[in-house]
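Notes follow once the structure below has been shown.
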Amino acid sequence: MQSSSGDASTPLSVSDRLATFPRIILGHTPTPLEPLRRLSEHLGGPDLYVKRDDCTGLGTGGNKTRKLEFLLGDALANGATNIITQGAVQSNHARQSAAAACKIGLKCDLVFEHRVPNPSDDYLTSGNALLDQMFGARAHHLEGGTDVNAEMERIADELRASGETPYIIPVGGSNPIGALGYVDCAREIVAQCRDSDLEPGYIVHASGSGGTQAGLVAGLGACGSDIGVSGISVSSPTVTQEALVYSIARETAVLLGFDDAVRQEDVVVYDNYIGEGYGLVTDEMIAAVLLLARMEGLLFDPVYSGKALAGMIDLISKGVLDNDRPVVFIHTGGSAGLFAYKSHFSG
Ligand SMILES: *Cc1c(COP(=O)(O)O)cnc(C)c1O
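For the sequence shown, counting from 1, position 136 maps to 610 in my numbering; every step adds exactly one.
Listed below in structure tokens is the structure:
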């Protein structure tokens, strides 16, 4: 006889559903959920916790590792010999993709769009750019505004012509397959909170290509959790980013088999912490990164998690994230990027 979990009357759990997708373990999970005691006291708001997705372990870690576990699972299931992906020159996604390719023995092409005007030498050669080179990825550099997807297709055609099987990973690994990684993170957070009697009101994190937020929203919905997700945009206006996240979240929920897990109102994005644009520093980001370094001994990053921290601090000061329930900040990684921005932090 089958175990009772196979009974038709028992709905499949989120973990059961996740287990049906090809996956390659690349990271250290579950990542820790830790209190930010000194910061909570300093801000005088809700109790703050940090979910340490900077500790996923692969090539200095970060949020893309969770997505790559499912994306590369799919790539290998499709017989891939090469992966191709894209990002900004200091892309943490490109760096984790390059490291993952090394670990499983695939070749890696990275297409870089120069999105930050007047880059410094550090920006072009240090931080993630240095690590990509160490991982032996082949780099292709394009001017800002070029059709990066067309370039990835061109490289794929070239590789196919020479008998290889390329697998294209979209920017940030943000499609429904990649977002499954953050369905799993949502499941992990729900389990960790249950084990430690925590009832967070909100999860706050940086939102860029959208897959992280989409996976979280789909995963929390599928788990029946009432934790809200506040995405802090690092590039796009609220309307655009909410539409992007909602669309990936819906598709992810369908892929998972929890079609009704996502409602439009579950997707909340704040766009007032971007500053002049993607990858450009703000005073609030620098202050937040230094505050966390000096108060908690934690390193965040200039492009994503630092701006998200600045957002969380401001939302707390305005009472938008109320004091009644704890707040979980997801540290999505990226501190390797600090070295690319070192002139802004060495004052
Ligand atoms: C990519 C990235 C994000 C944003 O995640 P998306 O899934 O692209 O929205 C946040 N923080 C860091 C450090 C990242 O590298």
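Just so it is clear, CB atoms sit at the ideal spot from N, CA and C, and this is done for glycine as well.
What are the residues that DSSP puts in a beta bridge with residue i?
| i | result |
| --- | --- |
| Leu507 | Lys525 |
| Phe803 | Val524, Val678 |
| Ala613 | Leu584 |
| Ile706 | Ala680, Tyr744 |
| Ile642 | Ile558 |
If residue i sits next to residue j, beta carbons under 8 Å apart, how far is it from one beta carbon to the other, in whole angstroms?
| i | j | result |
| --- | --- | --- |
| Ile663 | Phe544 | Going by Cβ atoms, the distance from Ile663 to Phe544 rounds to 18 Å, so no, they are not a contact pair. |
| Ile498 | Gly547 | 5 Å |
| Thr567 | Gly531 | Reading the sequence as shown, one finds His at residue 567 and not Thr. That belief does not hold up - the Cβ atoms of His567 and Gly531 are roughly 16 Å apart, past 8 Å. |
| Thr539 | Gln570 | 5 Å |
| Ala665 | Gly693 | Not quite, the Cβ-Cβ distance comes to about 11 Å (not below 8 Å), so this is no contact. |
| Ile557 | Tyr641 | 5 Å |
| Leu580 | Pro496 | The pair is not a contact, with the Cβ atoms about 14 Å apart (cut-off 8 Å). |
| Glu587 | Thr559 | Not quite, the Cβ-Cβ distance comes to about 12 Å (not below 8 Å), so this is no contact. |
| Ala554 | Thr639 | 5 Å |
| Arg612 | Cys582 | 7 Å |
Can the beta-carbon of residue i be found less than 8 Å from the beta-carbon of residue j?
| i | j | result |
| --- | --- | --- |
| Lys541 | Gly647 | yes |
| Leu783 | Leu795 | no |
| Leu584 | His614 | yes |
| Arg799 | Gly675 | yes |
| Tyr815 | Arg589 | no |
| Ile790 | Leu517 | yes |
| Gln687 | Val703 | yes |
| Lys792 | Thr756 | no |
| Leu654 | Gly689 | yes |
| Ser779 | His818 | no |
| Tyr801 | Val678 | Rather than Tyr, the amino acid found at residue 801 in this sequence is Val. Yes; because the gap between Cβ atoms is below 8 Å, this pair is in contact. |
| Asp671 | Thr712 | no |
| Tyr597 | Val563 | yes |
| Pro506 | Cys529 | yes |
| Ala425 | Gly695 | Residue 425 is absent from the model: the chain starts at 475 and stops at 821. |
| Tyr747 | Gly785 | yes |
| Asn797 | Pro509 | no |
| Leu616 | Glu627 | no |
| Cys697 | Val488 | yes |
Query raised in the report: Mind pulling the alpha helix (DSSP H) runs of 4 or more residues that sit fully within the stretch 757-787?
Result: 757-770
Query raised in the report: Is the number of C-beta pairs between the stretch 724-741 and the stretch 762-775 that are closer than 8 Å three or more?
Result: no
Query raised in the report: In the stretch 543-599, which residue ranges form an unbroken beta strand (DSSP E) of at least 3 residues, counting only runs that do not cross its ends?
Result: 556-562, 581-588
Query raised in the report: Would you call the stretch 513-528 and the stretch 589-609 in contact, with 3 or more CB pairs under 8 Å?
Result: no
Query raised in the report: Is the number of C-beta pairs between the stretch 808-820 and the stretch 694-707 that are closer than 8 Å three or more?
Result: At 8 Å Cβ cutoff, the stretches do not touch.
**Report entry** Cβ contact (3+ pairs, closer than 8 Å) linking the stretch 713-720 and the stretch 741-754
**Finding:** When Cβ pairs closer than 8 Å are counted between the two stretches, the stretch 713-720 is seen to touch the stretch 741-754, the count reaching three or more.
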